[in-house]
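In the working numbering, the protein residues as written are 19 to 261.
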């Protein structure tokens, strides 16, 4: 993919994330509940729960909501028993897609996901069909013009795995998924605020789409992200020209 489109694509992703904030409380409550059920209710001893709780507070979720979600996960309060499911498939131009779900009804969820793929020109694949194309990691993206040498020193000192400078001048700091919060905090303390910061499935290669193909791919992603059982959608598609 041409380096010049990297920053535009990142901004596009950030804009879409901001637009989805209406559903974020529901998704975060599910994630907190499942993380607490699987690893216990103490965020200091449960890295997955720590990430979910930190994200909840970043999005201004009230403390009471967070504590209730933890108690539902640990069994101190009654709640729905969610199951984690990952679906893999292909979108426009063969772009890889991963759909992470939390559901109380597997049959409903797979039907909804399959329908979204088929309606919008994609194909639901088998387990493992595209996951190998992605890396589970923390990603912090800094705007072009960020002082590269200082950021590199601060990131490596904080425990980052890698620092990548793109052709357009934007800089990506890559961390282990459970080192993300500590690295992000250390970089903010050093004066570096990321434009985009998330734990994600980062594609090893990207599929550049533009024009009608980008628009069609975005419709597929929107359809998947609108499903109630879907937590996250990851893709190798790069669509800086999509509407």
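The beta carbon of each residue, even a glycine, is placed where N, CA and C say it ideally should be.
If you reduce the DSSP assignment to three classes, tell me which class residue i lands in.
i, result
"residue 153", "strand"
"residue 125", "helix"
"residue 133", "helix"
"residue 10", "Because the chain here runs from 19 to 261, residue 10 falls outside it and cannot be looked at."
"residue 75", "helix"
"residue 160", "strand"
"residue 223", "coil"
"residue 201", "helix"
"residue 255", "strand"
"residue 67", "helix"
"residue 239", "helix"
"residue 145", "coil"
"residue 175", "helix"
"residue 186", "coil"
"residue 180", "strand"
"residue 120", "strand"
"residue 244", "coil"
"residue 214", "strand"
"residue 98", "coil"
"residue 250", "strand"
"residue 57", "helix"
"residue 107", "strand"
"residue 208", "coil"
"residue 114", "strand"
If we count the other Cβ atoms within 10 Å of its Cβ and call it buried at 16 or more, is residue i buried or exposed?
i, result
"residue 95", "exposed"
"residue 133", "exposed"
"residue 253", "buried"
"residue 182", "exposed"
"residue 61", "buried"
"residue 209", "exposed"
"residue 166", "exposed"
"residue 219", "buried"
"residue 207", "exposed"
"residue 93", "exposed"
Considering only the alpha carbon of each residue, which of the options lies closest to residue i?
i, options, result
"residue 130", "242, 90, 60 and 212", "242"
"residue 230", "257, 222 and 52", "257"
"residue 87", "188, 49, 165 and 213", "49"
"residue 102", "56, 64, 136 and 114", "56"
"residue 221", "100, 245, 114 and 64", "114"
"residue 144", "128, 137 and 138", "128"
"residue 203", "246, 93, 173 and 42", "173"
"residue 198", "27, 67 and 42", "67"
"residue 246", "28, 27 and 41", "41"
"residue 43", "73, 227 and 212", "73"
"residue 217", "227, 27 and 249", "249"
Quick one: residues in its chain with C-beta nearer than 6 Å to the C-beta of residue i, no 5 flanking neighbours on either side, listed in chain order?
i, result
"residue 251", "117, 239, 242 and 243"
"residue 201", "176, 177, 178 and 193"
"residue 105", "117 and 131"
"residue 138", "237, 238 and 241"
"residue 213", "159 and 161"
What residues in its chain sit with their C-beta under 8 Å from that of residue i, if we drop five residues either side in the sequence?
i, result
"residue 169", "160, 181, 189, 191, 205 and 210"
Looking only at its chain, what residues have a beta carbon closer than 7 Å to the beta carbon of residue i, apart from the 5 residues adjacent to it on each side?
i, result
"residue 70", "46, 49, 50 and 53"
"residue 97", "51 and 90"
"residue 141", "107, 108 and 135"
"residue 100", "48, 51, 52, 120, 121 and 122"
### Task
Could you tell me whether the region 75-82 touches the region 120-136, using the rule of 3 or more Cβ pairs below 8 Å?
no
### Query
Do three or more CB pairs link the region 102-114 to the region 231-241 at distances below 8 Å?
yes
### Message
Closer than 8 Å is the cut-off here; do at least three beta carbon pairs connect the region 61-79 with the region 138-152?
### Response
no
### Message
Under 8 Å, with one C-beta from each stretch per pair, do the region 152-167 and the region 189-196 reach the 3-pair mark?
### Response
As far as the Cβ criterion goes, the region 152-167 touches the region 189-196, which means the pair count is three or higher.
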